[in-house]
Amino acid sequence: MADGHGDGLAEAPLRAAAPAPFTPDRTAAAPDDATLIAALMSYAMPSHEDPRALAQACLARFGSFAALLSAPTREIRTIAGLGPHALSAVRLVQDAALRIVRARLDDGDILDGRDSMIAYLAAVLSRESIEQFRVLFLDPQRRLIADEAQARGTVNHTPVYPREVARRALEHGAQAIVLVHNHPSGDPTPSEADIAMTRQIVVACDVIGVTVADHIIMGNGRWTSFAEAGLLPQAGSATG
């Protein structure tokens, strides 16, 4: 029977409308890092939680939006309140940013556009907590064919096999390569082991006609180029 409310059906409980995702004001000046982080978190957090508090926690831990994006996953997980969906959002934005920077390397000679190459390598490596060794494989016009991580090591050592580097260069049809690794200590000064390893790779690649165009060591906001520092062995003289 009707109960005075119309059709006799129980009324659904009223619910508050979910707040709209937090977005920066595009008409204002460029948003600061806290605003950007809060905007990102608002898409990955329960609607009843405040993304601004989480943004401040991220800034207190990492110092900037860029540092948050490039931080290791295990460190991001230490932020209280940052759940798996928010972590996925951070990783998605990081991947998008890397793809944008990487796209700039596809336009021509990457050694001629060194700033773009260094920006890309910094985004990939500068905040790695262990050493990682990568190789950029280049075509005859020194355009990027591929960027591959060859090895990951410890906080101060990465095992590198010159024959494997030469083999991959052959498989890619590369005419030149750029060696890259990071120093988690933040100091990009080459060690004696770095110099010896570079010499061994130059020898291995010289046999197959592949040039080692540079070896770049990335630190925390700093980098060293073997070619610019006069440390890159010349093919034919590296066996001495």
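In terms of numbering that gives the first Met the number 0, the sequence shown opens at residue 0 and continues consecutively. Heads up, the beta-carbon is just placed ideally off N, CA and C, and yes, glycines get one too.
Closest by C-alpha distance to residue i, when choosing among the options
| i | options | result |
| --- | --- | --- |
| Phe132 | Thr34, Leu120, Ala33 and Leu39 | Leu120 |
| Gln149 | Ala33, Asp111, Ile75 and Val159 | Val159 |
| Leu68 | Asp31, Val211, Cys204 and Ala96 | Ala96 |
| Met44 | Ser63, Gly82, Cys57 and Leu35 | Gly82 |
| Arg141 | Leu110, Val202, Ala33 and Glu127 | Leu110 |
| Met196 | Ile36, Ala65 and His214 | His214 |
Cutoff 7 Å; reference residue i; Cβ partners in own chain excluding five residues on either side
| i | result |
| --- | --- |
| Ile117 | Trp222 |
| Ile200 | Pro161, Val164, Leu178 and Val211 |
Neighbourhood of residue i by C-beta, 8 Å cutoff - its chain only, sequence neighbours within 5 removed
| i | result |
| --- | --- |
| Val206 | Ala165 |
| Ala56 | Ile78, Ala79, Gly80 and Leu81 |
Continuous alpha helix (DSSP H) stretch holding residue i: start and end
| i | result |
| --- | --- |
| Met40 | Asp32 to Ser41 |
| Thr72 | Thr72 to Ile75 |
| Ser87 | Pro83 to Ala102 |
Span of the beta strand (DSSP E), counted from its first residue to its last, around residue i
| i | result |
| --- | --- |
| Ser224 | Trp222 to Ser224 |
| Ala175 | Ala175 to Asn181 |
| Ile129 | No beta strand (DSSP E) holds Ile129; DSSP gives it neither H nor E. |
| Asp193 | From DSSP, Asp193 is part of no beta strand (DSSP E) but of the alpha helix (DSSP H) over Glu191 to Val206. |
| Ala212 | Thr210 to Met217 |
Cβ-Cβ distance between residue i and residue j below 8 Å
| i | j | result |
| --- | --- | --- |
| Leu53 | Thr72 | no |
| Val100 | Ala122 | yes |
| Ala175 | Leu137 | yes |
| Arg167 | Glu147 | yes |
| Glu227 | Asn181 | no |
| Gly220 | Asp186 | no |
| Glu127 | Pro183 | yes |
| Ile75 | Val89 | yes |
| Leu35 | Phe64 | yes |
Chain-order list of residues whose beta-carbon lies under 6 Å from that of residue i (same chain, five-residue window excluded)
| i | result |
| --- | --- |
| His171 | Phe136, Ile144 and Ala145 |
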